[in-house]
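Colleague: There's a structure below that I have some questions on.
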Amino acid sequence: MQERYEPAVVEAEAQAYWRDSRCFSPSEAPAREKYYCLSMFPYPSGRCHMGHVRNYTIGDVLARFMRMNGKNVLQPMGWDAFGLPAENAAIANGVPPAKWTYENIAYMRKQLQSLGLAIDWSREIATCRPEYYRWNQWLFLRMLEAGIAYRKTGVVNWDPVDQTVLANEQVIDGRGWRTGALVEKREIPMYYLGITRYAPALLDALEGMRGWPERVRTMQANWIGRSEGLNLGFPYAFDGMSGVLRAFTTRPDTIMGVTFCAVAAEHPLATYAARGNAALAAFIEECKRGPAMESELATQEKRGMPTGLHVRHPLSGEPVPLWIGNYVLMSYGEGAVMGVPAHDERDFEFAKKYALPIEPVIEIDGKPFSTDAWQAWYAEHGRCVNSGPYDGLDYEAAVDAVAADIAKAGLGGKQTIWRLRDWGISRQRYWGCPIPIIQCAQCGSVPVPDSQLPVLLPEDLVPDGSGNPLAKHAEFLACRCPRCGAAARRETDTMDTFVDSSWYFLRFACSDNPGAMVDERVDYWLPVDQYIGGIEHAILHLLYSRFWTRVMHDLQLVRCVEPFSNLFTQGMVLNEVFFRKPPSGRVEYFNPADVEVTLDPRDRRRVATLRADGIEVQSGGIVTMSKSKNNGVDPQALVEEFGADTARLFTMFAAPPEQTLEWSDEGVQGAYRFIKRLWKAVYDHLADGPVEPLERLDLDEAQRALRRQTHHTLAKVTDDIGRRRTFNTAIAAVMELLNALGKFAPRGPQDRAVIHEGLNTAVLCLSPIIPHATHALWRALGHTSAIVDEPWPAADAEALEQTTIEIVVQVNGKLRSRIRVAANADGQSVREAALADPNVRKFIGDGAARKVIVVPGKLVNVVL
RNA sequence: GCCCGGAUGGCGGAACUGGUAGACGCGCCGGACUCAAAAUCCGGUGGUGGCGACACCGUGUGGGUUCGAUUCCCUCUCCGGGCACCA
1 MQERYEPAVV EAEAQAYWRD SRCFSPSEAP AREKYYCLSM FPYPSGRCHM
51 GHVRNYTIGD VLARFMRMNG KNVLQPMGWD AFGLPAENAA IANGVPPAKW
101 TYENIAYMRK QLQSLGLAID WSREIATCRP EYYRWNQWLF LRMLEAGIAY
151 RKTGVVNWDP VDQTVLANEQ VIDGRGWRTG ALVEKREIPM YYLGITRYAP
201 ALLDALEGMR GWPERVRTMQ ANWIGRSEGL NLGFPYAFDG MSGVLRAFTT
251 RPDTIMGVTF CAVAAEHPLA TYAARGNAAL AAFIEECKRG PAMESELATQ
301 EKRGMPTGLH VRHPLSGEPV PLWIGNYVLM SYGEGAVMGV PAHDERDFEF
351 AKKYALPIEP VIEIDGKPFS TDAWQAWYAE HGRCVNSGPY DGLDYEAAVD
401 AVAADIAKAG LGGKQTIWRL RDWGISRQRY WGCPIPIIQC AQCGSVPVPD
451 SQLPVLLPED LVPDGSGNPL AKHAEFLACR CPRCGAAARR ETDTMDTFVD
501 SSWYFLRFAC SDNPGAMVDE RVDYWLPVDQ YIGGIEHAIL HLLYSRFWTR
551 VMHDLQLVRC VEPFSNLFTQ GMVLNEVFFR KPPSGRVEYF NPADVEVTLD
601 PRDRRRVATL RADGIEVQSG GIVTMSKSKN NGVDPQALVE EFGADTARLF
651 TMFAAPPEQT LEWSDEGVQG AYRFIKRLWK AVYDHLADGP VEPLERLDLD
701 EAQRALRRQT HHTLAKVTDD IGRRRTFNTA IAAVMELLNA LGKFAPRGPQ
751 DRAVIHEGLN TAVLCLSPII PHATHALWRA LGHTSAIVDE PWPAADAEAL
801 EQTTIEIVVQ VNGKLRSRIR VAANADGQSV REAALADPNV RKFIGDGAAR
851 KVIVVPGKLV NVVL
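Numbering-wise, the numbering used here puts 550 at position 550 of the first sequence, and it's gapless, one number per residue.
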């Protein structure tokens, strides 16, 4: 073997072997246990970033580990290729999104391949290819037939200057990103998928999804947001109009504390009240112009205006003033709330602001209620007071009594509502999957017949920021109505890109099938055994995918119901941001690679200067790597300088994969150094000549100790990768083993035999993480088989046995001594040994121990 | 604002089920090798006091439970993710 570790040579060789042996292209083998390992496919933004390296290395370590554990492993890769950045690039550079996207894919594929991932590239898919997106269209038509997809109006951000719809991220402080014009809300017809009808199923299934992180299940449950409560009506009779204002509440027990009702600006009663009331109409207009995002709606100042109208309290019959409130959401419940300021924080704030009465009707432990300031306990459950017939009832009894009385009055009843809204999939954009609909003047919206699928997206258009170019493309627009045959216009809206990513994991099982969306191979590979991706996808992508899979299951297209058995959510990759902000003009960001950070010797202050001009730059803290902040680290340079193994090792060692990872160049050097040390250790060992077989039963104490560490390391690495998914501690354990092997000076043949076993074990343990170097080292150690095909070994239980163990002795919980006892010593003898220890006696002094706690195999605590 | 996480030496992190706080790595300090440098190797490295054995302090803040808390409970602060058209 080579004395020097040369990653470029080693990695080219290993990758050639994997490519030529096709070892990562599995076929269905029903007799074998399958393992479908999937990392979230990337958006082809141009270049890989460290987040990709991290994501795909985690998946690759697991795929390779499971492969060595005998599983039939599938690890595919594809491209989430439709989306907004391609249109932005087109606007900036005049390049068609298709060309930009395909070039990015070609470059990023090369980058990913250089990382040596155990991927079956023969299954690669790109969602912008008609072979893929035709099935989006096909299933959309099935959903239309099933009534799951439907058309209704929805609200969008409208830029009045560019005459175009803006994404939320293109609206900055209420203005269009390019034009600076005040953004308006517009109602337009859109297609929706009825995910809400799956809400109960999606919620209930979470309970059994033990392979998902608890926090993701909690987030999804909260997002779906099941609420049990009362739907109640406030009757009204205005000029020429009477009816019932419907509201939903989870606190029917506070109903006698209602002092006002508030409706959303879009509510029909708001519209009615605004007729002939210019001030109110203006307020409604203002609310409608307000933010569309929930985060902005929730943080904006709570404002309202009285309509001058009154509705009647459903139980007391008293008049209740009706307000319009900007904090009432039309999309939740009925778009109306009953205002109980004494027991709801938002209502309290609103009532204080507009001097509405606050009437406490719940008492908790006799605590004094004051209208001066809100207290958290005002919202707690208690006993009804000032509530007439309900006085003295607790929460549950009051809810039942109020619900019964409301039902008796014919004004409502108990109801369960959901926070989850139906999924609007229409996008007024070019670079997406065309929605297969034809708009006919006679027949309305008509589905494109299956025989005419796919509706092809022309790939040569260049958006200019002023609306969807499809809407100006005569060739695309022109079509005939499938129903009446008259000339018609093709729908120009495309689908949300979450549609593309909601089923790609199914297509990987049968990506070569041109005749069907899915086939029987999907039932072999699915569900995904391990799904890996960023925590930022915890709700939307994962919930949409679960929904889509259920729809396909109900249409009898796939057998599986839940697509991802186990989910692993990785943390983000962060780096420091450096910038200068000139007194006038825009902030300029500098890549950390171009910045020199030194420590000022006088005041120990960190000083950052730009290498190019030596002038100071400011630090903006450590945040997620992004193009816009110019703080990304390109893995390409890293791979070229140190090799893929170093990049992989560092990203796996630097932090547990679930946590955020801060970038540091020094750590990379450390990872590189470790591989070089491993390489040198094997080289030096082999240079001493052939190795004799290990005489397991005839070893001295030192040899047994080293062997114990070898097998302890193997057991720990197996557990850390297989169960805990803490690759950083697995790597640390192998580092410790290598340190121990280095300190062990061989004197005889059995010393060398024990070292040989240790090196073989270290190489095997690291092979999922640094597969190229270990591929070469395995061969060098004399094995004829490839390490990728080697079965994962089991630790030798006998080697792990110990005759004596160390016990920690505490006095009053503080560490005072350590004693060695026989491994099988009973509690009584351990206790006696601890009390006899001189250091312990010193602390006990003359007094006697009040209590002695013995934790077998661990410690003794003497309590004085 | 709401939902979900996180906070441990100079730095990244370890401590898995309530039981030795700081494994492993980086950086730094000292030494070896070298004409020199790089690379490599050896030793040291939480803070304070002490020649030393050792002692005291120490896991974001304040409180609680416990023989014992980085770990469990409550409070607050700061940071990160999501909030439905970024993906």
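Ideal Cβ positions, reconstructed from N, Cα and C, are used throughout, including at glycine.
In terms of DSSP beta bridges, what is Lys302 paired with?
Modeller: Walking along the first sequence from the start, residue 302 turns up at place 302. In the DSSP output, where bridge partners are listed per residue, Lys302 has none listed.
Colleague: Kindly indicate which three-state DSSP category His381 falls into: helix, strand or coil?
Modeller: Along the first sequence, one-based indexing puts residue 381 at 381. Three-state DSSP puts His381 in coil, outside helix and strand.
Colleague: From this set, Gly290, Ile358 and Gly317, which residue's C-alpha is nearest Asn326's C-alpha?
Modeller: The residue labelled residue 326 in the question sits at position 326 within the first sequence. Taking only the C-alpha atoms, the option nearest Asn326 is Gly290.
Colleague: Do you know offhand how far Ala282's Cα is from Gly276's?
Modeller: Reading the first sequence from its first residue, position 282 is the one you call residue 282. Reading the first sequence from its first residue, position 276 is the one you call residue 276. C-alpha separation (whole angstroms): 11 angstroms.
Colleague: Does the separation of the CB atoms of Thr492 and Glu228 fall below 9 angstroms?
Modeller: Position 492 of the first sequence, counted from the first residue, corresponds to residue 492. Position 228 of the first sequence, counted from the first residue, corresponds to residue 228. Going by C-beta atoms, Thr492 is not nearer than 9 angstroms to Glu228.
Colleague: Is the number of C-beta pairs between the region 633-648 and the region 546-555 that are closer than 8 angstroms three or more?
Modeller: No, because fewer than three Cβ pairs between the region 633-648 and the region 546-555 fall closer than 8 angstroms, the two stretches do not touch.
Colleague: Note down the Cα distance separating Arg820 from Asp826, rounded to an integer number of angstroms.
Modeller: On the first sequence, position 820 is the one that residue 820 refers to. On the first sequence, position 826 is the one that residue 826 refers to. In a straight line, the C-alpha of Arg820 is about 13 angstroms away from that of Asp826.
Colleague: Would a C-beta distance cut-off of 9 angstroms place Asn728 and Cys433 closer than the cut-off?
Modeller: One-based indexing of the first sequence puts residue 728 at position 728. One-based indexing of the first sequence puts residue 433 at position 433. No, the pair does not count as a contact, with Cβ atoms beyond the cut-off.
Colleague: Expressed to the nearest angstrom, what Euclidean distance is found between the alpha-carbon atoms of Gly233 and Met495?
Modeller: In the first sequence, residue 233 corresponds to position 233, counting from 1. In the first sequence, residue 495 corresponds to position 495, counting from 1. Each residue's Cα considered, the two are about 38 angstroms apart.
Colleague: Considering only residues of the region 298-375, which uninterrupted beta strand (DSSP E) runs meet the minimum length of 3 residues and lie entirely inside it, listed in chain order?
Modeller: Counting only runs of 3 or more, we get 304-312, 319-325 and 336-339.
Colleague: By the 10 Å Cβ neighbour count, where 16 or more other Cβ atoms means buried, how is Gly444 classified, buried or exposed?
Modeller: Here the question's residue 444 lines up with position 444 in the first sequence. It is exposed - the Cβ of Gly444 has fewer than 16 other Cβ atoms within 10 Å.
Colleague: Please name the residue, chosen from Leu356, Glu145 and Gln452, that lies closest to Pro482 on a Cα-to-Cα basis.
Modeller: Walking along the first sequence from the start, residue 482 turns up at place 482. Here the closest residue by C-alpha is Gln452.
Colleague: Taking its Cβ as the centre, do 16 or more other Cβ atoms sit within 10 Å of Tyr150, making it buried, or is it exposed?
Modeller: As a working mapping, residue 150 is identified with position 150 in the first sequence. Exposed, by the Cβ-count rule.
Colleague: So, for Pro601: in the same chain, excluding its five sequence neighbours on each side, which residues have a beta-carbon less than 8 angstroms away from its beta-carbon?
Modeller: Start at 1 with the first residue of the first sequence, and residue 601 comes out as number 601. Because the pLDDT of Pro601 is 46, which lies under 50, any placement of that residue in the model is unreliable, and the question is left without a value.
Colleague: Per DSSP, Pro235 is paired with what?
Modeller: The count along the first sequence starts at 1 and reaches residue 235 at position 235. Paired residues: Val244.
Colleague: Assuming His381 and Tyr390 make a contact with CB atoms under 8 angstroms, what is their CB distance in whole Å?
Modeller: Numbered from its first residue, the first sequence carries residue 381 at position 381. Numbered from its first residue, the first sequence carries residue 390 at position 390. His381 to Tyr390, Cβ: 14 angstroms. No contact.
Colleague: By the 10 Å Cβ neighbour count, where 16 or more other Cβ atoms means buried, how is Asn631 classified, buried or exposed?
Modeller: Start at 1 with the first residue of the first sequence, and residue 631 comes out as number 631. Its Cβ being crowded by 16 or more others within 10 Å, Asn631 is buried.
Colleague: Quick check on the DSSP output: the alpha helix (DSSP H) that includes Glu87 runs from which residue to which?
Modeller: Residue mapping note: residue 87 aligns to position 87 of the first sequence, counting from 1. Looking at the DSSP string, the run of the alpha helix (DSSP H) that includes Glu87 is Leu84 to Asn93.
Colleague: Does Pro434 come out as helix, strand or coil in the three-state DSSP assignment?
Modeller: Counting from 1 along the first sequence, the entry for residue 434 is found at position 434. Pro434: strand per DSSP, three-state reduction.
Colleague: In the DSSP output, which residue or residues are listed as bridge partners for Val808?
Modeller: Here residue 808 corresponds to residue number 808 of the first sequence, with the count starting at 1. Arg818 and Leu859.
Colleague: For the region 22-36 against the region 68-80, are there 3 or more C-beta pairs whose distance is under 8 angstroms?
Modeller: Touching, yes, given that three or more Cβ pairs across the two stretches are closer than 8 angstroms.
Colleague: Does Gly585 pass the burial test, meaning 16 or more other C-beta atoms within 10 Å, or should it be called exposed?
Modeller: Within the first sequence, the letter at position 585 stands for residue 585. Because Gly585 carries a pLDDT of 48, less than 50, the predicted location of this residue cannot be relied on, and the following value inherits that uncertainty. With fewer than 16 Cβ atoms within 10 Å of its Cβ, Gly585 is classed as exposed.
Colleague: Could you tell me the boundaries of the beta strand (DSSP E) in which Ala489 lies?
Modeller: The sequence position of residue 489 within the first sequence is 489, counting from 1. Here residue 489 turns out to be Arg, not Ala, going by the sequence shown. Note, Arg489: beta strand (DSSP E), Ala487 to Arg490.
Colleague: Pull up the distance between the alpha-carbon of Phe140 and that of Val561, whole angstroms please.
Modeller: Sequence index remark: in the first sequence, residue 140 carries index 140 (1-based). Sequence index remark: in the first sequence, residue 561 carries index 561 (1-based). Those two C-alpha atoms are separated by around 19 angstroms.
Colleague: By Cβ distance below 7 angstroms, which residues in the same chain neighbour His537 in space, the five residues on each side in sequence not counted?
Modeller: If you number the first sequence from 1, residue 537 lands on position 537. Around His537: Met40.
Colleague: Are Lys152 and Glu459 touching if we call contact CB-CB under 9 angstroms?
Modeller: Translated into the one-based positions of the first sequence, residue 152 becomes position 152. Translated into the one-based positions of the first sequence, residue 459 becomes position 459. Not in contact: Lys152 and Glu459 (Cβ atoms no closer than 9 angstroms).
Colleague: Between the C-alpha atoms of Arg54 and Glu666, what's the straight-line distance to the nearest angstrom?
Modeller: Counting from one through the first sequence, the residue named residue 54 turns up at place 54. Counting from one through the first sequence, the residue named residue 666 turns up at place 666. So the alpha carbons of these two residues sit roughly 17 angstroms apart.
Colleague: Starting from Asp422 and walking both ways along the beta strand (DSSP E), at which residues does that stretch end?
Modeller: For this step, residue 422 is matched to residue 422 along the first sequence. Element bounds for Asp422: n/a, residue is neither H nor E.
Colleague: Go through its chain and collect everything with a Cβ distance to Ala90's Cβ below 6 angstroms, but skip five positions before and after it.
Modeller: For the purposes of this step, residue 90 is taken as residue 90 along the first sequence, with counting starting at 1. Here the set comprises Pro97, Val462 and Pro463.
Colleague: Just checking my contact of Leu567 with Trp223 at CB under 8 angstroms: how many whole Å lie between their CB atoms?
Modeller: Sequence index remark: in the first sequence, residue 567 carries index 567 (1-based). Sequence index remark: in the first sequence, residue 223 carries index 223 (1-based). Going by Cβ atoms, the distance from Leu567 to Trp223 rounds to 15 angstroms, so no, they are not a contact pair.
Colleague: Between Asp120 and the ligand SAM, is there a pair consisting of the residue's CB and a ligand heavy atom that are separated by less than 8 angstroms?
Modeller: Among the ligands in the structure shown, none appear at all, so the ligand SAM cannot be discussed.
Colleague: By the 10 Å Cβ neighbour count, where 16 or more other Cβ atoms means buried, how is Leu456 classified, buried or exposed?
Modeller: The residue you call residue 456 lines up with position 456 of the first sequence. By the 10 Å Cβ count, Leu456 comes out exposed.
Colleague: Let's test the definition: count the other Cβ atoms within 10 Å of the Cβ of Ile675 and tell me whether it reaches 16, buried, or not, exposed.
Modeller: Translated into positions along the first sequence, residue 675 becomes position 675. Flag for Ile675 reads buried.
Colleague: Work out the CA separation of Glu736 and Phe653 for me, nearest whole Å.
Modeller: Counting from 1 along the first sequence, the entry for residue 653 is found at position 653. Counting from 1 along the first sequence, the entry for residue 736 is found at position 736. Cα to Cα, Phe653 sits roughly 14 angstroms from Glu736.
Colleague: What does the Cβ neighbour count give for Ile425, buried or exposed, with the cut at 16 atoms within 10 Å?
Modeller: Sequence index remark: in the first sequence, residue 425 carries index 425 (1-based). Burial call: buried.
Colleague: Tell me the start and end of each unbroken beta strand (DSSP E) in the region 678-751 that is at least 3 residues and wholly inside, in chain order.
Modeller: Here no run is fully enclosed.
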